[in-house]
Amino acid sequence: MFNNMLGKAASVAFLTLATIFPAAAQDDAVARGDTPDSQKGYDISARSDRSDNGFSDSRVDARMVLKNRAGQETVREFSFATLEKENEGVGDKSLVVFGSPRDVEGTALLSHANILDPDDQWLYLPALKRVKRISSANKSGSFVGSEFAFEDFTITELNKFTYKYIGEEDLDGMMTDVIERFPRYENSGYTKQKSWIDQEIYQTRKVEFYDRKDALLKTLILSDYREYDGVWRAHSLKMVNAQNGKETELVYGDFEFKTGLGANDFEQGVLRRLR
Amino acid sequence: MNRALSSAVLALSVSALSTHAAAGEWDLGAEVAGELRYFPNDPLFPGQFEHFQPSFTVQPDIRWESGDRAHQVVIIPFVRVDGQDDERTHFDMREAYYRYNADSWSLTVGAAKVFWGRTESRHLVDIINQTDAVEDIDEEDKLGQPMVNLTLLNDWGTVDLFVMSGFRTRTFPGVDGRPRFELPVDNDEVIFERDWRRGAVDVAARYSHYIGNWDFGVSIFHGTSREPRFAIDLANTRISPVYDKITQGGIDLQYTKDAWLWKLEAIVREGHGDTFAAAVGGFEYTVYQIFGSSADLGLLAEYQYDGRDEGLVLEPFGPTLAAPVTFGDNDVFAGARLALNDLQDTAILAGATVDTNDAFMGVFVEAERRFGQNWTAELEARLFLNADPGNAAFPLRDDDFITARLTRYF
Numbered sequence: 006m007f008n009n010m011l012g013k014a015a016s017v018a019f020l021t022l023a024t025i026f027p028a029a030a031q032d033d034a035v036a037r038g039d040t041p042d043s044q045k046g047y048d049i050s051a052r053s054d055r056s057d058n059g060f061s062d063s064r065v066d067a068r069m070v071l072k073n074r075a076g077q078e079t080v081r082e083f084s085f086a087t088l089e090k091e092n093e094g095v096g097d098k099s100l101v102v103f104g105s106p107r108d109v110e111g112t113a114l115l116s117h118a119n120i121l122d123p124d125d126q127w128l129y130l131p132a133l134k135r136v137k138r139i140s141s142a143n144k145s146g147s148f149v150g151s152e153f154a155f156e157d158f159t160i161t162e163l164n165k166f167t168y169k170y171i172g173e174e175d176l177d178g179m180m181t182d183v184i185e186r187f188p189r190y191e192n193s194g195y196t197k198q199k200s201w202i203d204q205e206i207y208q209t210r211k212v213e214f215y216d217r218k219d220a221l222l223k224t225l226i227l228s229d230y231r232e233y234d235g236v237w238r239a240h241s242l243k244m245v246n247a248q249n250g251k252e253t254e255l256v257y258g259d260f261e262f263k264t265g266l267g268a269n270d271f272e273q274g275v276l277r278r279l280r
Numbered sequence: 003m004n005r006a007l008s009s010a011v012l013a014l015s016v017s018a019l020s021t022h023a024a025a026g027e028w029d030l031g032a033e034v035a036g037e038l039r040y041f042p043n044d045p046l047f048p049g050q051f052e053h054f055q056p057s058f059t060v061q062p063d064i065r066w067e068s069g070d071r072a073h074q075v076v077i078i079p080f081v082r083v084d085g086q087d088d089e090r091t092h093f094d095m096r097e098a099y100y101r102y103n104a105d106s107w108s109l110t111v112g113a114a115k116v117f118w119g120r121t122e123s124r125h126l127v128d129i130i131n132q133t134d135a136v137e138d139i140d141e142e143d144k145l146g147q148p149m150v151n152l153t154l155l156n157d158w159g160t161v162d163l164f165v166m167s168g169f170r171t172r173t174f175p176g177v178d179g180r181p182r183f184e185l186p187v188d189n190d191e192v193i194f195e196r197d198w199r200r201g202a203v204d205v206a207a208r209y210s211h212y213i214g215n216w217d218f219g220v221s222i223f224h225g226t227s228r229e230p231r232f233a234i235d236l237a238n239t240r241i242s243p244v245y246d247k248i249t250q251g252g253i254d255l256q257y258t259k260d261a262w263l264w265k266l267e268a269i270v271r272e273g274h275g276d277t278f279a280a281a282v283g284g285f286e287y288t289v290y291q292i293f294g295s296s297a298d299l300g301l302l303a304e305y306q307y308d309g310r311d312e313g314l315v316l317e318p319f320g321p322t323l324a325a326p327v328t329f330g331d332n333d334v335f336a337g338a339r340l341a342l343n344d345l346q347d348t349a350i351l352a353g354a355t356v357d358t359n360d361a362f363m364g365v366f367v368e369a370e371r372r373f374g375q376n377w378t379a380e381l382e383a384r385l386f387l388n389a390d391p392g393n394a395a396f397p398l399r400d401d402d403f404i405t406a407r408l409t410r411y412f
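Quick note, the sequences are listed as chains A and B, same order. The first sequence begins at 6 in the working numbering and counts up one residue at a time. The second sequence begins at 3 in the working numbering and counts up one residue at a time.
Here it is in structure tokens:
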């Protein structure tokens, strides 16, 4: 029979934070497309992605504030560790450990991201000391009840999309390139995403998500960008759902880079020593 | 443990470790739970309590980790105070260990918990820790096991080596308790096959790895069986647990593809009557965002086989079951889990295990929900249906029960 933690696990089981940070560009003919607009959209997205090369590994604590339509708030806390991919044929590796609520404290998710194949993911349930390989097919599901879907954490993975350049636009006094992108992977909840990338430091500032009926579903605002040795990180990601009025803000603390993490820190055997 | 006591423990530990503590980090917490069990049927056996069983548990959680994460100290005591069954009132060191973490290996010394396995309805391969049998009948609660455990992390897989002593006996519900067998188990009259009894040394090893969509483990255990046989002492109308020396080899396997998880565990055990094999295998399939909602529905099915001897053998200490009792000899499990994926992590799990020999059915339903940031509430029901006289579960036929539990996290 089952332990209760298994039920809890279901709600946190399928997050896909492996590629929460932009990964290095991979030259992919399909992603580049074959029209001038798609080539330009790809190039601008690739330049944004490549601004992140060489971050090596990072650690950061994060806080997620979930707000319902009545304005009631719930808080979730996590810590993330990320290892930049070894080469362009694979994705980043990441480890997410839950800090709160306390009943799920210590629950951890290890992800090995892939480009178009589903990611490899293991869940660690500290009360049972159980390591469980889980399915990562749930792309469009909600991450811990928030307005973020699992696939929203991979939005900057270049070759997961095809692109179309729309034009330039002034976004709150900042010149941006506007690009539409179309998911290439299976099980996406979106027909397209529209993104605004600034022309100065090439970072994504805003994303609109369109549902399967092509109606606006959510808007993501990325702000509080800070530079770490040439690598930029947004410290506030605010997602507002246009259809149900709920919102979720993900706030990062200070990032630490090149912390000495290695491949062994992202193997399933390491999960048991986390807690 | 109350707060004053835990602060005292903390103060002592802080002074002991103060030279390192400057660079390290403390994490203190606790779970306190109140529980009420209700048995709607009258008890079958003399001495058993009637209907209500209130209890509470306290589980402090004390951790320290050095700044470089190389040194870890974990102390998790547990206590339950039960209003009906003295045997269920108990204390255990769930975890109390020191661990050193190097880049490619870890060494754990102390009482710890280890889980091996893949399947849901039965944990055949899992053998390191003794079951805390008075907590629940689902064998999910474990006692801390004293051990030295060396873990080697390699890019070709993880190797775990264990040397253990300080054997923990399984505690069964007392004369007052429900559910229990017709004759109560005498937790003080324990029979050991091995010299040194609780001091005998157990050894174990496991190798685990993954290749593509396959995750697998291979394990071996040699030592005192965590599962006891039962010696039936008719003169004193009681059952004595018998702990034999066994050797058990196990494999566990999972294939993960899209929304499907295929799972298998199998063991071969020598030392409980004739050498026998047992296996459990099946699948878990998840329907995501069912009916356009944010809820996920998981469907589970597993088959359980166990080839162990049945019946009695005559030992020097009297008539004794040839092998430990098992319910899962030829059974089919089916279940479903609904996770609402809401802010409260509301989830409901229901399942039934049916014995294909005589249609005995063990049914359970578990529901849980968080309230605020620090409270959870759980409701559980367990039913024993169609228990015929020939089935090991026959004595439990009137012990259906409902449990309500409220837990506060600190």
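Glycine is no exception: its CB is placed at the ideal position from the N, C-alpha and C atoms.
Assign B/Asn156 to one of three DSSP states: helix, strand, or coil. Three-state result, B/Asn156: strand.
Within the continuous beta strand (DSSP E) that includes A/Tyr47, where are the two ends? First-last for A/Tyr47: Pro41 to Arg55, but that is the alpha helix (DSSP H), not the beta strand (DSSP E).
Assess, as a yes-or-no matter, whether the segment 116-124 of chain B is touched by the segment 74-90 of chain B under the definition of 3 or more beta carbon pairs within less than 8 Å. No: fewer than three Cβ pairs fall under 8 Å.
Spatial distance of B/Asp84 from B/Leu46 (CA atoms): In a straight line, the C-alpha of B/Asp84 is about 21 Å away from that of B/Leu46.
Can you pull the chain B neighbours of A/Val106, defined as C-beta to C-beta under 9 Å? According to the sequence as given, residue 106 of chain A is Pro; it is not Val. Those are Asp347, Arg372, Gly374, Gln375, Asn376, Thr378 and Tyr411, listed as they occur along chain B.
C-beta contact flag for B/Gly31 and B/Ser68 at 9 Å: Taking C-beta atoms as the reference points, B/Gly31 and B/Ser68 fail to come closer than 9 Å.
If you measure from the beta carbon of A/Arg238 to each beta carbon in chain B, is any gap under 9 Å? Chain B contact via Cβ: absent.
In three-state terms, what does DSSP make of A/Asn164? Helix.
Any idea if B/Gln375 is buried or exposed, counting beta-carbon neighbours within 10 angstroms, 16 or more meaning buried? Under this definition B/Gln375 is an exposed residue.
I'd like the list of long-range same chain contacts for B/Gly251, defined as Cβ closer than 6 Å, with 5 residues on each side in sequence excluded. Short of 6 Å from the beta carbon of B/Gly251, and not among the five residues preceding or following it, lie these beta carbons of its own chain, in chain order: Ile222 and Val270.
Sub-9 Å separation of A/Phe262 and A/Ser61 beta-carbons: For the pair A/Phe262 and A/Ser61, the CB atoms are nearer than the 9 Å cut-off.
Just to make sure I have the definition right: I need the residues of chain B whose C-beta is within less than 7 Å of the C-beta of A/Ser116. Which are they? Per Cβ cutoff of 7 Å: no residues; A/Ser116 is ~13 Å from chain B at best.
Looking at the structure shown, is A/Val35 part of a helix, part of a strand, or coil, going by DSSP? The answer is helix: DSSP assigns A/Val35 an H, G or I state.
Reduced DSSP category for A/Val275 - H, G, I as helix; E, B as strand; rest coil: If DSSP states are grouped into helix, strand and coil, A/Val275 belongs with the helices.
In chain order, what residues of the same chain lie with their CB nearer than 6 Å to the CB of B/Trp216, ignoring the 5 residues before and after it? So the qualifying residues of the chain are Tyr257.
Between the beta-carbon of A/Ser141 and the beta-carbon of A/Asp125, is there less than 9 Å? Cβ distance < 9 Å, so A/Ser141 and A/Asp125 count as in contact.
Can a CB atom of chain B be found closer than 9 Å to the CB of A/Val65? No, A/Val65 lies away from the interface with chain B (no Cβ there is under 9 Å from its Cβ).
Alpha carbon of A/Thr264 to alpha carbon of A/Lys197, nearest angstrom: The alpha-carbon atoms of A/Thr264 and A/Lys197 are separated by roughly 36 Å.
Closer than 8 Å by C-beta to B/Asp204: which residues in its own chain qualify, once you throw out the five before and the five after it? Chain order, please. These residues qualify, in order along the chain: Phe164, Val165, Met166, Ser167, Phe169, Phe223, His224, Gly225 and Thr226.
Cβ of A/Met6 less than 9 Å from any chain B Cβ? In this predicted model, A/Met6 has a pLDDT of only 35, less than 50, meaning its place in the structure is not dependable enough to derive any value.
What number of angstroms, rounded off, separates the C-alpha of A/Asp108 from the C-alpha of B/Thr322? A direct Cα-to-Cα measurement between A/Asp108 and B/Thr322 gives close to 43 Å.
Residue closest to B/Tyr99, alpha-carbon to alpha-carbon, out of B/Ser108, B/Thr91 and B/Phe93: B/Ser108 is the residue among B/Ser108, B/Thr91 and B/Phe93 whose C-alpha sits nearest the C-alpha of B/Tyr99.
Under 9 Å between C-beta atoms, does B/Gln132 make it to chain A? So no, B/Gln132 is outside the interface.
Quick check: is the beta carbon of A/Thr79 nearer than 9 Å to any beta carbon in chain B? Yes, because at least one Cβ of chain B sits closer than 9 Å to the Cβ of A/Thr79.
With a threshold of 16 other CB atoms inside 10 Å of the CB of B/Thr173, please say whether the residue is buried or exposed. With 16 or more neighbouring CB atoms inside 10 Å of its own CB, B/Thr173 falls in the buried class.
Distance, B/Glu370 Cα to A/Ser99 Cα: Roughly 29 Å separates the two Cα atoms.
Report the three-state DSSP secondary structure of B/Thr405 (helix, strand or coil). In this structure, B/Thr405 counts as strand in the three-state DSSP scheme.
How is A/Leu242 classed by DSSP in three states: helix, strand or coil? Looking at A/Leu242 - three-state DSSP - the assignment turns out to be strand.
If you draw a straight line from the alpha carbon of A/Asp42 to that of A/Ile171, how long is it in whole angstroms? Rounded to the nearest angstrom, the two C-alpha atoms are 8 Å apart.
Distance, A/Gln77 Cα to A/Glu254 Cα: Straight-line Cα distance between these residues: approximately 13 Å.
Show which residues of chain B have a CB atom less than 8 Å away from the CB atom of A/Lys287. This structure leaves residue 287 of chain A out entirely; chain A is present only between 6 and 280.
Between the CA atoms of B/Asn359 and B/Tyr305 - distance to the nearest angstrom: Going by the C-alpha atoms only, they are around 13 Å apart.
For B/Pro397, which of helix, strand or coil comes out of DSSP? In the three-state reduction of the DSSP assignment, B/Pro397 falls in the helix class, which pools H, G and I.
Span of the beta strand (DSSP E), counted from its first residue to its last, around B/His211: Asp204 to Ile213 is the span of the beta strand (DSSP E), which, as asked, contains B/His211.
Report the neighbours of B/Thr153 on chain A: residues whose CB is nearer than 8 Å to its CB, in chain order. Residues of chain A with a Cβ closer than 8 Å to the Cβ of B/Thr153 are, in chain order, Gly274, Arg277 and Arg278.
How should A/Gln273 be labelled, buried or exposed, when 16 other C-beta atoms within 10 angstroms of its C-beta is the threshold for buried? A/Gln273 counts as buried, since at least 16 other C-beta atoms from the protein chains shown sit within 10 angstroms of its C-beta.
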